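Q: Right, I'll just put the structure down here and ask away after.
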Amino acid sequence: MNNKTRELVLRALMIALVCIATMTIQIPTPGTNGYVNIGDSVIFISSILFGPIPGMIAGGIGSALADILSGYSHWALFTLIVKGLEGYLVGIIVRKHNTILKDVFATALGTIVMVVGYFGAGIVLKGSVLISAVSIPSNLIQGIISMAIAIPLAYSLNKVSYVRSFKAHS
Numbered sequence: 495m496n497n498k499t500r501e502l503v504l505r506a507l508m509i510a511l512v513c514i515a516t517m518t519i520q521i522p523t524p525g526t527n528g529y530v531n532i533g534d535s536v537i538f539i540s541s542i543l544f545g546p547i548p549g550m551i552a553g554g555i556g557s558a559l560a561d562i563l564s565g566y567s568h569w570a571l572f573t574l575i576v577k578g579l580e581g582y583l584v585g586i587i588v589r590k591h592n593t594i595l596k597d598v599f600a601t602a603l604g605t606i607v608m609v610v611g612y613f614g615a616g617i618v619l620k621g622s623v624l625i626s627a628v629s630i631p632s633n634l635i636q637g638i639i640s641m642a643i644a645i646p647l648a649y650s651l652n653k654v655s656y657v658r659s660f661k662a663h664s
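When the count follows my numbering, it moves up by one through the sequence shown with no breaks and lands on 664 for the last residue.
Now the structure itself:
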């Protein structure tokens, strides 16, 4: 398989995995009309293993697709931007010589981007700072849980030579 095809397949796979992880476990959050999910863990894994561009594409498109398919299409554009930035930032921070400490730092910043991004999007969509602020705790919990899932998985997957072969071409 040539490198372009390999990249395309990897990115499509990561988009699908983000979408599935986002849609499979959706815990409704009272007062927000939203839900907590583990899609961020796949965004983090994609960014840590394959870099900023695959992380951005998987995060933005996979999460926006999940919003559309889950009936939250009014959030999809904001999600595309917020989750894309989240994936890009994590990938930029860890792209060279990533360590577990660097992964923790990067995913913590990615979580902050997600929380702040959705807070801003909530202000736009709901027209209220206070109503938007209600989602901050659940978004923080979502990010922290995703960090706890992603970091050990990415660390383990990074030891697999087949996964590393994709990293070399991303």
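Glycine included, C-beta positions come from ideal geometry on N, C-alpha and C. Note that the structure is a prediction, hence the values are computed from the model and not measured.
1) Below 6 Å CB to CB, which residues in the same chain sit around L504 once its five sequence neighbours on both sides are set aside?
2) Pull up the distance between the alpha-carbon of L559 and that of S655, whole angstroms please.
3) Tell me where the beta strand (DSSP E) around T523 begins and ends.
4) Can the beta-carbon of V512 be found less than 8 Å from the beta-carbon of S557?
5) Between the C-alpha atoms of L507 and F613, what's the straight-line distance to the nearest angstrom?
6) Ignoring anything shorter than 4 residues, give me the alpha helix (DSSP H) runs that lie fully in the region 585 to 635, in order along the chain.
7) Compute the Euclidean distance between the alpha carbons of G554 and L571, then round it to the nearest angstrom.
8) Kindly indicate which three-state DSSP category V654 falls into: helix, strand or coil?
9) Judging by CA-CA distance, which residue of T593, D561, I542, I562 is the nearest neighbour of G581?
10) How big is the Cα-Cα spacing for N527 and G611?
11) Give me the residue from Q520, N497, G525 with the minimum Cα distance to I625.
12) Buried or exposed for R658, please, with buried defined as at least 16 other CB atoms from any protein chain shown within 10 angstroms of its CB.
13) Quick check: what's the CA-CA separation for V628 versus A648?
14) In angstroms, rounded to a whole number, what distance separates the CA positions of A510 and A552?
15) Kindly examine the ligand ATP and report whether one of its heavy atoms sits closer than 7 Å to the Cβ of S650.
A: Short version:
1) F660
2) Their backbone Cα atoms lie some 30 Å apart in a straight line.
3) 521 to 523 is the extent of the beta strand (DSSP E) around T523.
4) With respect to the 8 Å criterion, V512 and S557 are classified as neighbours on the basis of their beta carbons.
5) Near 29 Å, if we compare the C-alpha coordinates of F613 and L507.
6) Here the runs fully enclosed are 594 to 620, 623 to 627.
7) Straight through space, the alpha carbons of L571 and G554 are spaced by roughly 9 Å.
8) Correct three-state label for V654: coil.
9) I542
10) 17 Å
11) G525
12) Under the 10 Å beta carbon count, R658 is surrounded by fewer than 16 other beta carbons and is classified as exposed.
13) Distance between the alpha carbons of V628 and A648 is about 31 Å.
14) 8 Å
15) Here there are no bound small molecules, and the ligand ATP is not part of this structure.
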